[in-house]
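Structure first, commentary second.
Quick look at the structure:
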């Protein structure tokens, strides 16, 4: 996308590493990231980040969270199994090829439903601190500043009116806080 003018990526995680690569619109949505395990896996027990070194975690290769896990000392391929898309991580988890996958209180239930799994098939084991600012529309830098300003103004208006929260709620299958 960086080499193709007039393109955009929805929804991209925004963080320090990506900040200067794109022009940004948003945030469009923000949710809390967690690592999830199969509910049936009593052998997977995580009480701290140090415990993660004993497990294999499925992540998307270009995901915004990969650097976060590497900073924790986790390594590819010993601990981090990188795949092309989030759907692959679910398949690997259910096939027990990985022990944990990344998801959020918003994305995990939505993906489970779309992939035909029961909502109680997974459970969160640890919340991940994330230094980003939510998911955005990442635009190629060829977009005009005026267009980006208009889009950001419209998104801000939608947030202020509650319209975006309403859209998010229509996808939410769990309470707003996974810890409730």
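In full-length UniProt numbering, the protein residues as written are 1 to 180. In this text, a Cβ means the ideal position worked out from N, Cα and C, and glycines have one as well.
{"query": "Should residue 69 be labelled buried (16 or more other beta-carbon atoms within 10 Å of its own) or exposed?", "result": "buried"}
{"query": "Curious, which full-length alpha helix (DSSP H) runs of at least 4 residues does the stretch 58-91 contain?", "result": "66-71"}
{"query": "For residue 33 versus residue 130, is the C-beta spacing smaller than 9 Å?", "result": "yes"}
{"query": "For the alpha helix (DSSP H) containing residue 166, list its first residue and its last residue.", "result": "163-171"}
{"query": "Could you say if the stretch 88-102 and the stretch 59-78 meet the contact criterion of at least three C-beta pairs nearer than 8 Å?", "result": "yes"}
{"query": "Can you tell which of 53, 26, 52 has its C-alpha closest to the C-alpha of residue 10?", "result": "26"}
{"query": "In whole angstroms, what separates the C-alpha of residue 179 from that of residue 46?", "result": "Residue placement at residue 179 is poorly supported in this model, since its pLDDT is 46, which falls under 50; the coordinates are not used for a value here."}
{"query": "Can you grab the Cα-Cα spacing for the pair residue 94 / residue 146, in whole Å?", "result": "46 Å"}
{"query": "Label residue 149 either buried or exposed according to how many other C-beta atoms from any shown protein chain fall within 10 Å of its C-beta, with 16 as the threshold for buried.", "result": "exposed"}
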